[in-house]
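119 is the number of the first residue of the sequence shown in the working numbering; add one for each residue after it. I have placed the structure first, in the form of structure tokens, so that the comments after it can refer back to it.
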Amino acid sequence: PSVALPFGAFDRALGAAENAPASEMLDVAIEALGAASCDRAATNAALAAARAAIERLALPAGLVDEVRAAAEAASAYGIAAACDVAAEPSWWPEVRRVWASKWNERAHASRAAMGVADADLHMAVLLMELVPAEYAFVLHSRNPVAETPAPGEMLGEVVVGLGETLVGNHPGAPLCFTATAPAGAPAASNIGIRSLPSKLDAMRVVASDGGFSPLICRSDSNGEDLEGFAGAGLYDSFSTAGGVATSAVDYGGEQLLWDGGFQGALCDKLARVASALEAAMGGPQDVEGAVVGDTVYLLQARPQQV
Numbered sequence: 119p120s121v122a123l124p125f126g127a128f129d130r131a132l133g134a135a136e137n138a139p140a141s142e143m144l145d146v147a148i149e150a151l152g153a154a155s156c157d158r159a160a161t162n163a164a165l166a167a168a169r170a171a172i173e174r175l176a177l178p179a180g181l182v183d184e185v186r187a188a189a190e191a192a193s194a195y196g197i198a199a200a201c202d203v204a205a206e207p208s209w210w211p212e213v214r215r216v217w218a219s220k221w222n223e224r225a226h227a228s229r230a231a232m233g234v235a236d237a238d239l240h241m242a243v244l245l246m247e248l249v250p251a252e253y254a255f256v257l258h259s260r261n262p263v264a265e266t267p268a269p270g271e272m273l274g275e276v277v278v279g280l281g282e283t284l285v286g287n288h289p290g291a292p293l294c295f296t297a298t299a300p301a302g303a304p305a306a307s308n309i310g311i312r313s314l315p316s317k318l319d320a321m322r323v324v325a326s327d328g329g330f331s332p333l334i335c336r337s338d339s340n341g342e343d344l345e346g347f348a349g350a351g352l353y354d355s356f357s358t359a360g361g362v363a364t365s366a367v368d369y370g371g372e373q374l375l376w377d378g379g380f381q382g383a384l385c386d387k388l389a390r391v392a393s394a395l396e397a398a399m400g401g402p403q404d405v406e407g408a409v410v411g412d413t414v415y416l417l418q419a420r421p422q423q424v
């Protein structure tokens with residue numbers, strides 16, 4: 119279960135009376151960004167100023183109550199518990215950082231290169247309890263990179279630990295595979311390993327000292343829905359303080375690299391998940407999820423642009 123702060127939530131927060139100073143700072147930064155043109159130093163300074171303006175936003179009145187109510191309705195009790203604090207909830211600073219990532223350097227450069235106006239890019243935030251993932255994956259129920267994919271061919275990517283090293287473009291490569299799995303088939307066929315995993319780091323959930331389940335504030339932009347522009351990997355997600363630890367992956371004993379039987383079984387399972395979701399949703403899907411033991415957790419699915 120999760121709680122979404124939809125696209126309009128940022129504009130609502132920015133428009134609150136108590137956030138007038140931050141709104142003015144953001145206007146000045148955006149004006150400076152427009153004037154910076156091809157001056158990289160001036161561009162980066164304006165982007166930093168825009169992020170700083172957003173990260174000083176005050177918590178709008180009533181937002182905590184709305185998030186708590188939505189969490190309780192969705193049985194997201196960890197999120198609801200994180201709202202029951204006297205001070206600012208732990209998720210609010212991270213929500214601001216997600217919104218501010220609209221103005222990171224790589225996202226701005228990508229929009230400029232593709233001719234996407236900054237005003238056309240909107241940011242939502244998804245609050246979720248962190249799944250203690252042993253492996254995380256992204257699945258495309260239709261292979262998006264092959265010029266002439268085989269009928270029904272899907273593509274999947276898998277990393278050790280949490281999925282932020284995958285969707286956040288951290289250094290290294292995931293395990294990448296293709297497979298064919300017609301809906302309802304007892305097993306996938308034509309499983310092909312396209313690249314072996316080499317992500318340098320893995321991110322894992324650690325226990326929270328405050329008694330609350332660690333939360334992740336996941337970025338979700340409308341970039342995937344803008345024609346000719348893919349927003350995946352450009353915008354940042356953040357976990358509440360202390361919720362995640364990062365360490366180097368020890369590939370010397372990692373079965374995702376060395377164990378062909380484990381690779382094949384995992385790829386088979388994930389290929390059938392992608393096929394089942396496409397059949398259930400009535401069209402190709404982009405899917406994010408996690409694996410803990412024998413259990414597959416589906417964290418997000420959206421229509422795939424094909």
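In this text, a Cβ means the ideal position worked out from N, Cα and C, and glycines have one as well.
Each of I311, D354, P315 and F255 was checked against the Cα of E372, and the nearest Cα belongs to P315.
Less than 8 Å divides the Cβ of L132 from the Cβ of L175. Listed in chain order, the non-local C-beta contacts of L318 below 8 Å within the same chain comprise H288, P289, G290, A366 and V367, local neighbours out to five positions each way being set aside. Less than 8 Å separates the beta-carbon of M241 from that of V216. With fewer than three CB-CB distances shorter than 8 Å, the stretch 167-182 does not count as touching the stretch 297-314.
When the Cα atoms are used, R420 and G382 turn out to be separated by approximately 26 Å. Here I311 has L293, C294, F295, Q381 and C385 as same chain residues with Cβ atoms under 8 Å from its own Cβ, once five neighbours each way along the sequence are excluded. Taking the Cα positions, P267 is about 25 Å away from L374. In the displayed model, P292 falls within coil according to three-state DSSP, outside both helix and strand.
Secondary structure in the stretch 150-224: the alpha helix (DSSP H) runs of 4 residues or longer, each lying completely within the stretch, are 158-172, 181-191, 195-201 and 209-218 in chain order. With fewer than 16 other beta carbons inside 10 angstroms of its own, T413 counts as exposed.
Note on G281: 16 or more other CB atoms within 10 angstroms of its CB, so buried under the neighbour-count rule. With 16 or more neighbouring CB atoms inside 10 Å of its own CB, W209 falls in the buried class. Ranked by how close their Cα comes to the Cα of Y253, the residues Q423, L417 and Q422 have L417 in first place. With contacts defined by Cβ atoms closer than 8 Å, G279 and M321 form a contacting pair. Pairwise C-beta distances place the stretch 395-408 in contact with the stretch 248-263, as three or more of them are shorter than 8 Å.
CA-to-CA, the gap between G341 and E206 works out to about 30 Å. E212 and L395 have their alpha carbons spaced roughly 30 Å apart.
8 Å or more divides the Cβ of V243 from the Cβ of R186.
Taken through DSSP and simplified to helix, strand or coil, L123 comes out as strand.
If you compare the alpha carbons of Q403, A227 and A135 with that of A154, the shortest gap goes to A227.
Excluding its 5 nearest sequence neighbours in each direction, N222 has C-beta neighbours in its own chain below 8 Å: L165, R169, L352, Y353 and D354, listed in chain order.
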